[in-house]
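Trainee:
There are 4 protein chains.
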Amino acid sequence: MGRKKSEQCRLAILDAARSVMEERGYLDMSIEEVACRAKAGKQTVYRHFGSKPRLALEAFVAKASRLELPDTGSLAGDLGSYLATLVEVMNSPHKRSMLGGLLAEIQGDSELGDAFRQGVIEAKRTALRTVFQRGIARGEVAPDADLEVLVDLVYGPVWYRMLISGGRLDPSFAETLADTVVLAARRAMEPVG
Amino acid sequence: MGRKKSEQCRLAILDAARSVMEERGYLDMSIEEVACRAKAGKQTVYRHFGSKPRLALEAFVAKASRLELPDTGSLAGDLGSYLATLVEVMNSPHKRSMLGGLLAEIQGDSELGDAFRQGVIEAKRTALRTVFQRGIARGEVAPDADLEVLVDLVYGPVWYRMLISGGRLDPSFAETLADTVVLAARRAMEPVG
Amino acid sequence: MGRKKSEQCRLAILDAARSVMEERGYLDMSIEEVACRAKAGKQTVYRHFGSKPRLALEAFVAKASRLELPDTGSLAGDLGSYLATLVEVMNSPHKRSMLGGLLAEIQGDSELGDAFRQGVIEAKRTALRTVFQRGIARGEVAPDADLEVLVDLVYGPVWYRMLISGGRLDPSFAETLADTVVLAARRAMEPVG
Amino acid sequence: MGRKKSEQCRLAILDAARSVMEERGYLDMSIEEVACRAKAGKQTVYRHFGSKPRLALEAFVAKASRLELPDTGSLAGDLGSYLATLVEVMNSPHKRSMLGGLLAEIQGDSELGDAFRQGVIEAKRTALRTVFQRGIARGEVAPDADLEVLVDLVYGPVWYRMLISGGRLDPSFAETLADTVVLAARRAMEPVG
DNA sequence: GACTAACCGAGACGGTACGTCCCGTCTTAAG
DNA sequence: CTTAAGACGGGACGTACCGTCTCGGTTAGTC
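Chains as they are written, first to last, in my numbering: chain A, 17 to 209; chain B, 17 to 209; chain C, 17 to 209; chain D, 17 to 209.
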C-alpha cells in the first residue's frame with residue numbers, strides 16, 4: 017500500500033544530478049546539492065537511487081545519446097561513419113568527468129559494474145558486432161575472426177584516448193582508426209605473407 | 017639549516033598507502049589511515065605528497081613493474097611477448113581499483129593528469145613506439161603507418177577490458193590481439209585490394 | 017459507520033504509546049514506532065492526539081491510578097495514609113521518564129502546560145486541599161493557614177525527590193514528611209513561642 | 017601528544033549554548049546552531065562536551081549564580097533571606113526551559129544524573145544543611161530533626177512551583193514558606209499536643 | 001658540545017558531506 | 001469515507017575525513 021513513488025520527483029532528481037555533474041564533475045557532486053536543486057529531501061534521493069554512483073549511472077544512461085547504427089553497404093563506410101560520430105560524442109569534458117568517476121566506483125562494486133556494463137557498454141558492443149557480422153556476410157571480414165577483439169579494437173582506443181592518454185579525439189583519428197580496423201578485419205582472411 | 021625530510025619516512029608512507037589501497041581500494045583510502053599505518057602525522061603526508069591522488073600516483077609509479085622491452089627479432093615475437101606480460105600484469109584487482117580512482121581524479125585536474133600521463137603512460141608508449149619502429153626497419157610495418165594509432169591499438173583494448181568492459185585478460189586475448197595488430201601494421205604497406 | 021473503530025483505534029494508540037515509553041523512555045519514543053505498534057497510520061495518531069507531548073499526556077492520565085482520598089478521622093492519619101500510597105506510586109522509573117519528558121515540553125508550551133496542570137496536577141491538589149479543610153474543621157489546622165503552601169509542602173518534596181534530587185522515596189520518608197507537615201499545619205494556630 | 021584543547025574555544029561554545037538556550041529553550045537548541053554561533057565545528061563541540069545534555073549542564077553550571085549563604089543570627093532570618101533570593105532567581109523562563117529539558121534527560125541516564133545532582137543540587141543542599149545545623153546549635157531546631165526532610169521542605173516547593181504546578185514564585189510565597197519551615201523545624205522539639 | 005631551526009608524531013581545529021532518523025503533511029489503495 | 005501504508009520536503013543527528021594549525025619532542029647541521 018502507501019503512496020507511490022513519484023515519477024516527477026525522480027526526474028527532477030535526475031535533472032539536478034545531471035546539471036551538478038556538468039558544473040562540478042562527478043567527484044565534487046554531493047547528494048546534498050542534488051537534493052537541494054531538485055527541491056527534494058535527501059531521503060527521497062536515497063529512496064529512488066540508493067547511492068551516488070547509482071544516481072550518476074542512471075543520470076548518465078538517461079541522457080546517453082542513442083547512437084544510430086549506420087548501414088552504408090560496406091564495412092569501411094559503416095565503421096567510418098560510426099566512429100566519426102562516436103568520437104565527436106566522446107570528446108566532451110562532462111562525459112569525461114562522469115565516466116571517470118563511475119569507473120572508479122565500478123571497480124570493486126560488482127553489482128554496479130554489471131549495471132554499468134549492461135546499460136552503457138553492452139548495447140554499444142552489440143551494435144558494432146552487428147556491423148562486423150554484416151561484414152562477414154559481405155566477405156569483408158574473415159569468417160573466423162574474433163569479433164570480440166575486433167569490437168575492442170574500435171572502442172578500446174577511443175576510451176583510452178578519452179580517459180587515459182588524453183590523446184586527440186578528432187575526425188582524423190576516427191578515420192585512421194576506422195581504416196586500420198578495416199584492414200585488420202579483412203586480413204585475417206588471407207594467408208599471412 | 018634545519019633537519020632534512022626523511023627518506024625513510026617517505027617510504028613508510030608509500031608502503032602504507034599501497035597496503036591501504038590494496039585492502040580498501042583507492043576511493044576508500046583515507047589520508048588519515050595511511051598516516052596512522054605509517055606511524056606518521058598527517059602533516060608529514062601532506063608535506064611529502066600534497067594530496068591523495070598525488071600520493072596514490074607516486075605509490076603506483078613506485079611499484080610499477082618496469083616491463084622490459086623484448087627484442088625477439090620480429091614484430092610478431094616482440095608484440096606477442098610484450099602483450100603476454102602486459103596482460104598478466106594488468107589482470108589485478110588492486111591495479112584496477114588504483115587506476116580507476118586515479119582516472120576519476122585526473123579528469124579535471126590537468127596538472128595531475130599531466131603527471132600521470134608523463135609518469136605512467138608515456139614511458140610505456142615510448143617502449144611500444146620503439147618496437148614498431150624496429151618493425152618499420154625490418155619492413156614488417158608500413159613506413160607511413162600512424163604509430164600513435166598503432167600504439168593505441170595495443171594499449172586501448174587492454175585498458176578497456178581492464179577498466180571498462182570487464183572482458184577477460186588472459187593469454188588467448190593477448191595472443192589474438194597481438195596477431196591482429198601485426199596484421200593491421202603490415203597491411204598498410206600493401207594496396208587495398 | 018466506522019465510529020466504533022475510531023475509539024478502539026484510539027485505545028490501541030494509547031496502549032502502544034504507553035508500552036513504548038516504558039521500554040525506551042519518553043525522549044526516545046517516536047510517533048512512528050507508536051503508530052507501527054498500534055498498527056495505525058501516523059496520520060491517525062496525529063488526528064487523535066495532535067502531538068507527541070499530548071499523546072504522552074493522555075497516555076499518562078489514562079493510566080494514572082486514581083488515588084483514593086482517605087478519611088481516617090485525623091489529619092495525621094489522612095496525610096500518613098495518603099503519602100504512603102503516593103510515594104509508592106511515584107517510585108517508578110517509567111513515571112520518572114514520562115513526567116521528566118512532559119516537564120521539558122511543558123516549559124514554553126503554555127497550552128500543553130495548562131492541560132497538564134489541569135489534568136494531572138490540579139485534581140491531586142484539590143484532594144489534598146479537602147484533607148486540610150477537614151483538618152481546619154477539626155481544629156487540627158490553623159484556620160488562617162495558607163492552604164496552597166501546605167499543599168506545596170506535601171507535593172513539592174515528593175516530586176523533588178522523584179525528579180530532581182533522586183532522594184529515596186520510601187515509607188520512612190513518607191512518614192517523616194507527613195509528621196512534619198502535620199506539625200507545620202498545626203503550629204500556625206499557636207503563638208510563636 | 018598533540019595540540020591541546022583550547023580553553024577559548026570551550027568558552028565560546030558554552031557562551032553560544034547559553035544564548036541559544038535562552039532564545040529557543042533547551043529542546044529546540046541544536047548542536048549545529050551552537051557550533052555555528054561559536055564559529056566552531058560540530059566535532060569540536062562533541063570533543064569537548066560529548067552530548068547535548070552534557071553541554072547544557074555545563075552551560076548551566078557555568079552561569080549558575082552562586083547563592084551566598086546568609087548568616088543573620090536566626091533561623092527565621094537566614095531562611096527568609098535565602099528563600100527570598102532563591103525564589104527570585106528561580107523565577108526565570110530561561111531557567112525553567114533549561115532545567116525542564118535537563119530533567120528529562122537525567123531520568124534514565126544515571127551518569128548524567130549523578131553529574132547534575134553533584135554539580136547543581138548537592139551544593140545547594142549542603143548550604144541549607146548548614147543553616148539548619150546552626151539552628152540546632154541555637155536551639156531553634158529540634159536536635160533529632162531529619163535534616164534531609166527539612167531541606168526537601170525548602171527546595172521541594174520551590175522546584176515544584178517552578179517546573180510543575182506553575183504556581184507563583186513571589187516574595188510572599190517565599191515568606192510564607194520560610195515561616196512554615198521555621199515552625200516545622202522548631203516544633204519537632206516539643207511534645208505533640 | 002651546545003644551539004637552533006626544521007622535521008617529526010600527535011591530534012585539535014573549522015569545515016563539508018555523509019547516510020540515518022524522525023518530524024508533520026500528503027497521496028494512494030483497500031475495506 | 002475512514003484507514004494503513006508509506007512517500008514527500010525538511011532538519012538535525014553523530015561520524016568520518018578533509019586540509020590547516022599548534023603542540024612538545026627529536027634530530028641534524030652549524031657555531
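Here a beta-carbon is modelled for each residue, glycine too, at the ideal position from N, C-alpha and C.
Could you give the DSSP three-state label for C/Glu38: helix, strand or coil?
Mentor: Here residue 38 of chain C corresponds to residue number 22 of the third sequence, with the count starting at 1. Looking at C/Glu38 - three-state DSSP - the assignment turns out to be helix.
Trainee: Could you check what DSSP says for D/Leu193 in three-state terms: helix, strand or coil?
Mentor: Looking up residue 193 of chain D in the fourth sequence gives position 177. Helix at D/Leu193.
Trainee: Put C/Gly93 into one of helix, strand or coil per three-state DSSP.
Mentor: Residue mapping note: residue 93 of chain C aligns to position 77 of the third sequence, counting from 1. Helix, per DSSP.
Trainee: Below 8 Å on the Cβ atoms is my contact criterion, and I expect A/Lys21 with A/Arg70 to pass it. Report the Cβ-Cβ distance as a whole number of Å.
Mentor: Your numbering for residue 21 of chain A matches position 5 in the first sequence. Your numbering for residue 70 of chain A matches position 54 in the first sequence. Not confirmed; about 15 Å, so no contact.
Trainee: How about D/Arg145 and D/Val167: do their beta carbons lie closer than 8 Å?
Mentor: One-based indexing of the fourth sequence puts residue 145 of chain D at position 129. One-based indexing of the fourth sequence puts residue 167 of chain D at position 151. Yes, these two residues count as a Cβ contact at 8 Å.
Trainee: If you measure from the beta carbon of A/Ala120 to each beta carbon in chain B, is any gap under 8 Å?
Mentor: Position 104 of the first sequence holds residue 120 of chain A. For A/Ala120, the answer is yes, since a Cβ of chain B falls inside 8 Å of its Cβ.
Trainee: Quick check on DSSP: helix, strand or coil for A/Ala51?
Mentor: By 1-based counting over the first sequence, the position of residue 51 of chain A is 35. Three-state DSSP puts A/Ala51 in a helix.
Trainee: What residue range is occupied by the uninterrupted alpha helix (DSSP H) comprising C/Met114?
Mentor: If you number the third sequence from 1, residue 114 of chain C lands on position 98. Segment 109-122, the alpha helix (DSSP H) holding C/Met114.
Trainee: Taking the alpha helix (DSSP H) that A/Gln59 belongs to, which residues open and close that run?
Mentor: Within the first sequence, residue 59 of chain A is the residue found at index 43, counting from 1. Here the alpha helix (DSSP H) through A/Gln59 covers 58-65.
Trainee: For A/Glu121, collect the residues of the same chain with a Cβ closer than 7 Å to its Cβ; drop the 5 residues on either side in sequence, then sort them by chain order.
Mentor: Within the first sequence, residue 121 of chain A is the residue found at index 105, counting from 1. So the qualifying residues of the chain are Pro69, Leu128.
Trainee: Rounded to the nearest angstrom, what separates A/Ala158 and B/Asp125 at their Cα positions?
Mentor: Here residue 158 of chain A is taken as the residue at index 142 of the first sequence, counted from 1. Here residue 125 of chain B is taken as the residue at index 109 of the second sequence, counted from 1. Near 43 Å, if we compare the C-alpha coordinates of B/Asp125 and A/Ala158.
Trainee: Just checking: is the beta-carbon of D/Thr192 within a distance shorter than 8 Å of some beta-carbon in chain C?
Mentor: If you number the fourth sequence from 1, residue 192 of chain D lands on position 176. Chain C contact via Cβ: present.
Trainee: Terminal residues of the continuous alpha helix (DSSP H) containing A/Glu156?
Mentor: Within the first sequence, the letter at position 140 stands for residue 156 of chain A. Careful: A/Glu156 lies outside any alpha helix (DSSP H) and carries neither H nor E.
Trainee: Is A/Leu91 near B/Leu169, with beta carbons less than 8 Å apart?
Mentor: Within the first sequence, the letter at position 75 stands for residue 91 of chain A. Within the second sequence, the letter at position 153 stands for residue 169 of chain B. Result no, Cβ atoms of A/Leu91 and B/Leu169 do not sit closer than 8 Å.
Trainee: Any idea if D/Leu27 is buried or exposed, counting beta-carbon neighbours within 10 angstroms, 16 or more meaning buried?
Mentor: As a working note, residue 27 of chain D is residue 11 in the fourth sequence. Exposed, by the Cβ-count rule.
Trainee: If you measure beta-carbon to beta-carbon, which residues of the segment 165-176 of chain A are closer than 7 Å to chain B?
Mentor: Answer in chain order: Val165, Asp168, Leu169, Tyr171, Gly172, Pro173, Trp175, Tyr176.
Trainee: Residues in the same chain with beta-carbon distance under 6 Å from C/Arg172, minus the five sequence neighbours each way, listed in chain order, please.
Mentor: Residue numbering aside, residue 172 of chain C sits at position 156 when the third sequence is read from its first letter. Correcting the residue identity first, residue 172 of chain C is Gly in this sequence and not Arg. Same-chain partners within the cutoff: there are none.
Trainee: Assign C/Gly209 to buried or exposed, taking buried as 16 or more other Cβ atoms, counted over all protein chains shown, within 10 Å of its Cβ.
Mentor: Looking up residue 209 of chain C in the third sequence gives position 193. Low confidence applies here, because C/Gly209 scores a pLDDT of 42, under 50, leaving its location unreliable; read the following figure in that light. So C/Gly209 ends up on the exposed side.
Trainee: Which of the three DSSP states, helix, strand or coil, is assigned to A/Leu46?
Mentor: As a first step, residue 46 of chain A must be located in the first sequence, where it is residue number 30. Reading the sequence as shown, one finds Ser at residue 46 of chain A and not Leu. Here A/Ser46 sits in coil by DSSP.
Trainee: For D/Gly57, return the contacting residues in chain C, with the cut-off set at a CB-CB distance below 9 Å.
Mentor: Locating residue 57 of chain D in the fourth sequence gives position 41, counting from the first residue. Those do not exist, as D/Gly57 stays about 26 Å from chain C at its closest Cβ, beyond 9 Å.
Trainee: On the criterion of 16 or more Cβ atoms from any shown chain inside 10 Å, does D/Thr142 qualify as buried, or is it exposed?
Mentor: Reading the fourth sequence from its first residue, position 126 is the one you call residue 142 of chain D. When all chains shown are included, D/Thr142 counts as exposed.
Trainee: Give me the chain D residues within the contact set of C/Thr196, using Cβ-Cβ distance strictly less than 7 Å, ordered along the chain.
Mentor: Locating residue 196 of chain C in the third sequence gives position 180, where the first residue counts as 1. Per Cβ cutoff of 7 Å: Val165, Leu169, Ala200.
Trainee: Taking 6 Å as the limit between beta carbons, can you name the residues of its chain near B/Asp44, skipping five residues before and five after?
Mentor: Residue numbering aside, residue 44 of chain B sits at position 28 when the second sequence is read from its first letter. Counting only Cβ-Cβ distances below 6 Å, and skipping sequence neighbours, we find nothing.
Trainee: Under 8 Å between C-beta atoms, does C/Tyr42 make it to chain D?
Mentor: Taking the first residue of the third sequence as 1, we reach residue 42 of chain C at position 26. C/Tyr42 counts as touching chain D.
Trainee: Taking the CB atoms as reference points, tell me whether D/Val61 and D/Glu49 lie closer together than 8 Å.
Mentor: Here residue 61 of chain D refers to the residue found at position 45 of the fourth sequence. Here residue 49 of chain D refers to the residue found at position 33 of the fourth sequence. For D/Val61 and D/Glu49, no; Cβs fall outside 8 Å.
Trainee: With a 10 Å radius around its C-beta and 16 neighbouring C-beta atoms as the bar for buried, classify A/Arg177 as buried or exposed.
Mentor: Residue numbering aside, residue 177 of chain A sits at position 161 when the first sequence is read from its first letter. Buried.
Trainee: So, with DSSP's three-state summary, where would you put C/Ala80?
Mentor: The residue labelled residue 80 of chain C in the question sits at position 64 within the third sequence. Looking at C/Ala80 - three-state DSSP - the assignment turns out to be coil, as it is neither helix nor strand.
Trainee: Measure the alpha-carbon distance for A/Tyr42 versus D/Ile29 and round it to whole angstroms.
Mentor: The residue you call residue 42 of chain A lines up with position 26 of the first sequence. The residue you call residue 29 of chain D lines up with position 13 of the fourth sequence. Each residue's alpha carbon lies about 36 Å from the other.
Trainee: Please report whether the beta-carbon of B/Ser113 lies at a distance below 8 Å from any beta-carbon of chain A.
Mentor: Here residue 113 of chain B refers to the residue found at position 97 when the second sequence is read from its first residue. At least one chain A Cβ lies under 8 Å of B/Ser113.
Trainee: Mind checking whether C/Leu73 and C/Leu118 have CB atoms under 8 Å apart?
Mentor: Here residue 73 of chain C corresponds to residue number 57 of the third sequence, with the count starting at 1. Here residue 118 of chain C corresponds to residue number 102 of the third sequence, with the count starting at 1. Yes, Cβ-Cβ distance for C/Leu73 and C/Leu118 is below 8 Å.
Trainee: Around the Cβ of A/Arg154, are there at least 16 other Cβ atoms within 10 angstroms (buried) or fewer (exposed)?
Mentor: Locating residue 154 of chain A in the first sequence gives position 138, where the first residue counts as 1. Exposed, since its Cβ has fewer than 16 Cβ neighbours within 10 Å.
Trainee: Against C/Asp162, what residues of chain D qualify as contacts under a CB-to-CB distance less than 7 Å, listed in chain order?
Mentor: Position 146 of the third sequence, counting from 1, holds the residue named residue 162 of chain C. Within 7 Å Cβ-Cβ: Thr192.
Trainee: Measure the CB-CB distance between D/Phe76 and D/Val136 and report whether it falls below 8 Å.
Mentor: Walking along the fourth sequence from the start, residue 76 of chain D turns up at place 60. Walking along the fourth sequence from the start, residue 136 of chain D turns up at place 120. Yes.
Trainee: Could you give the DSSP three-state label for D/Thr88: helix, strand or coil?
Mentor: Your numbering for residue 88 of chain D matches position 72 in the fourth sequence. Three-state result, D/Thr88: coil.
Trainee: Need the endpoints of the alpha helix (DSSP H) that A/Glu164 sits in, please.
Mentor: For the purposes of this step, residue 164 of chain A is taken as residue 148 along the first sequence, with counting starting at 1. Where A/Glu164 is concerned, the enclosing alpha helix (DSSP H) stretches over 163-175.
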